[in-house]
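With my numbering, letter number 44 in the sequence shown gets 44, and the count goes up by one each step, no holes.
Glycine included, each C-beta is placed from N, C-alpha and C at the ideal position.
All values derive from a computational prediction rather than experimental measurement.
Reviewing the structure listed below.
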Amino acid sequence: MKKLFVTILTLAVLFSCNKSTKSGDDNTLDEKFDKYKEGFVTALWQINPGWASAVGYHKLDSVLVVPDAATDKAQLDFAKVQLDSLKQYDIENLSNNNKTDYYMIKNQLESAIFSIKELKSSQWDPSGYNVCGSFAEILNGKYDSLEVRLRSFNVKMNSIPAYYEAAKKNIKNPTIEHTQLAIDQNLGGSSVFETDLNDALAKSKLTSTEKKEIQNKAKVSVKAIKDYAEWLKNLPNKTPRSFRLGADLYAKKFNFDIQSRYSTDEIYKIAVDHKKDLHDKMFVLADKLWTKYRGNEAKPTNKLDLIKQVIDQISLKHTTPEKFQSEIEKQIPELIAYVKAKDLLYIDPSKPLIVRKEPAYMAGVAGASISAPGPYDKNGNTYYNVGSLSGWTAENSESYLREYNDYILQILNIHEAIPGHYTQLVYSNQSPSIIKSILGNGAMIEGWAVYTEKMMLESGYKNSDEMWLMYYKWNLRTTCNTILDISVHTKNMSREVALDLLIKEAFQQQAEAEGKWKRVTLSQVQLCSYFTGYTEIYNLREELKKKEGENFNLKKFHEKFLSFGSAPVKYIRELMLSGK
Ligand code: ZN
Ligand code: ZN
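This is the structure in structure tokens:
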């Protein structure tokens, strides 16, 4: 699931030129704003060429920005100039699409200022310095000939030594956890300049002089990377910063990253109450199912133990490693037919989802993820990547398949594909916005996928006590992710208490819980995005139901909600409640 979240973070939607279709007096203002956006994006790429490459804009592939004081100043200047420009536009008179774009640009700029002036992760997170991934992407790319890409690679290497020298100057009292991560990732990644580069050179038609030049620079690059790791290992870090962000910075980062109408304290309270509610509902179901799954065994007195024992038994119903992909493939048309029959929302039949075995470069971790074409790759396919379990030990694949048992696998398909991520993506492509494709709100995107899980079950999809019990277990994961993240970063929750929460209260395996602990020590806020987005969407629906009474129509609600694209839910809410 970790990989899944990484993929969704970089998930971007198709871009096509955004022409205002609105008629009337506002037309010129929207046209002006569209022009502004074009200029904004071009300028954004100029100062963030690495980000540009990552979303498929390859004109600046050969530029590696040295992260020194001048770069910070350029970022701050850019933010100030752009924030000034935004003031020229009267937001009330913009189209809905441009309104939300406006808010998202403003948030991005203010967030950049916050990062440099207050968050300052450039000082305490040494893993923020790593060139290997972007060089690997140049080698893996399909957008240009190997020779052209290798020449970008060559020029880009020039700045690597200065890059790591600047990094060393920035770092002050880093956290122990991010320091270790930086050492591991830089040492691991350096093979790009040794193994992968040599393979690519051998295949290329470059002259031997060019090849020699590249190989020499690669040696210098590897030395700079390894020196950095060595420097970190020997850093006399007597007063390391805690990996815990602290309540003040956390609340601010939460507001920038999630853009929720709820504060950290509010969503924490909602999550804690929701966990209790889930436990109550699970107990009722597990108690009812006890005899069916545990026969005449005596019921445990502890409610959580009772729930766990029933879940363990239900989880034994699962597919085989060989059938894992075909099982997923089989479910996609079933889901489409169901959504149609129940009139839940329109699904465009002209944009099929291609299920494929996870390609080799995607690290070989099992799981499922959606790969969508970026904003500059209009004709790319959308794939549902399914990890292979071949080569796994019998023990590991059994444990994995129990996790993704016959019930959870269906919920995973709802989340990833129909009507979750994939469907949302198709809709967002219908109101294309380069802004939403590069600044898309993660909480809205994840929230939608999590919302559809519950919505499908509420509509009756594969209804059974087992299905609901397993769904509640799955929903506990996102709920507890939120409790965990806020507790660890703002309430000093210990590792022991955290593992207890995940294992005893969310029924996770030891290995899964330990992985989650590691993740929470290295990231902040992101773990809250799923639950926060879900809560906001669900509550918006209930609010509209009340307001519209008998006129409320679920299909219309879904289609209208998705028509706003990947904007923060709080802005979609404002527009929907005001009937826009
Ligand atoms: Zn089994
Ligand atoms: Zn997701």
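Measure the CB-CB distance between Q506 and C480 and report whether it falls below 8 angstroms. In the sequence as displayed, the identity of residue 506 is Ala instead of Gln. Yes. Within cutoff.
If the criterion is Cβ atoms closer than 8 angstroms, does the pair T319 and E329 meet it? no
Can you name the start and end residues of the beta strand (DSSP E) that I414 belongs to? Run containing I414: none in the beta strand (DSSP E); it sits in the alpha helix (DSSP H), 406–416.
Is I370 helix, strand or coil when you go by DSSP? strand
Of all the options Q180, A251, Y338, which has the alpha carbon lying nearest to the alpha carbon of Y228? Q180
Could you say if the segment 162–171 and the segment 262–280 meet the contact criterion of at least three C-beta pairs nearer than 8 angstroms? no
For T478, count neighbouring C-beta atoms within 10 Å of its own C-beta (all shown protein chains included) and say buried if the count is 16 or more, exposed if not. buried
What residue from G447, Y461, S428, E496 has the CA that sits closest to T482's CA? G447
Measuring from the CB of L316, is there a heavy atom of ligand 1 at a distance below 7 angstroms? yes
Alpha-carbon spacing of I572 relative to P352, whole angstroms: 27 angstroms
So, with DSSP's three-state summary, where would you put N296? coil
Buried or exposed (CB count within 10 angstroms, at least 16 for buried), P349: exposed
Going by the C-beta, is E446 closer than 7 angstroms to any heavy atom of ligand 2? yes
Using the Cα positions of T21 and I113, report the straight-line distance between them to the nearest angstrom. For T21, the predicted structure reports a pLDDT of 43, less than 50, and the residue's modelled location is therefore unreliable. The matter cannot be settled from this model.
Under the DSSP definition of a beta bridge, which residues are partnered with Q383? Sequence inspection shows Tyr at residue 383; the Gln mentioned does not correspond to that position. Answer by DSSP bridge pairing, in chain order: I354, S371.
Mind reading off the beta-carbon distance from Q88 to L439? Whole number of angstroms is fine, and I expect it under 8 angstroms. Contact doesn't hold; Cβ gap of about 20 angstroms is too wide.
If you reduce the DSSP assignment to three classes, tell me which class H178 lands in. helix
Alpha carbon to alpha carbon, how far is S566 from I370? 16 angstroms
Look at the alpha carbon of D312 and the alpha carbon of L469, and state the distance between them as a whole number of angstroms. 11 angstroms
Could you tell me how far apart the beta carbons of I267 and S260 are, in whole angstroms, since I believe they sit closer than 8 angstroms? 7 angstroms
Entirely enclosed alpha helix (DSSP H) segments - the segment 449–537, minimum 4 residues: 465–490, 495–500, 510–522
Return yes when the Cβ of L245 is within less than 8 angstroms of the Cβ of A218, no when it is not. no
Which listed residue (M456, E395, K436, S433) has its alpha carbon closest to that of N413: M456
Any heavy atom of ligand 1 inside 7 angstroms of the beta-carbon of L146? no
Considering only their Cβ atoms, is the gap separating S242 from T175 smaller than 8 angstroms? yes
What does the alpha-carbon distance come out to for the pair W45 and L60? 8 angstroms
Buried versus exposed call for V569 [16 or more other C-beta atoms within 10 Å across all chains shown]: buried
Closest to S399 by C-alpha separation, out of Y472, L316, I183, would be which residue? L316
Whole angstroms are fine: how far does the CA of T452 sit from the CA of A247? 32 angstroms
Have a look at K560 and I537 and give me their C-alpha separation to the nearest angstrom. 12 angstroms
For my contact list, L289 and E466 are in at a C-beta cut-off of 8 angstroms; report their separation, rounded to the angstrom. 7 angstroms
What did DSSP end up calling Y262 once you bin it into helix, strand or coil? coil
Closer than 7 angstroms to a non-hydrogen atom of ligand 2 - does that hold for the CB of A449? yes
Any heavy atom of ligand 1 closer than 7 angstroms to the Cβ of A402? The amino acid at residue 402 is misidentified as Ala; the sequence shows Arg. Yes, ligand 1 has a heavy atom inside 7 angstroms of this Cβ.
Under 7 angstroms from any heavy atom of ligand 1, does the C-beta of E398 make it? yes
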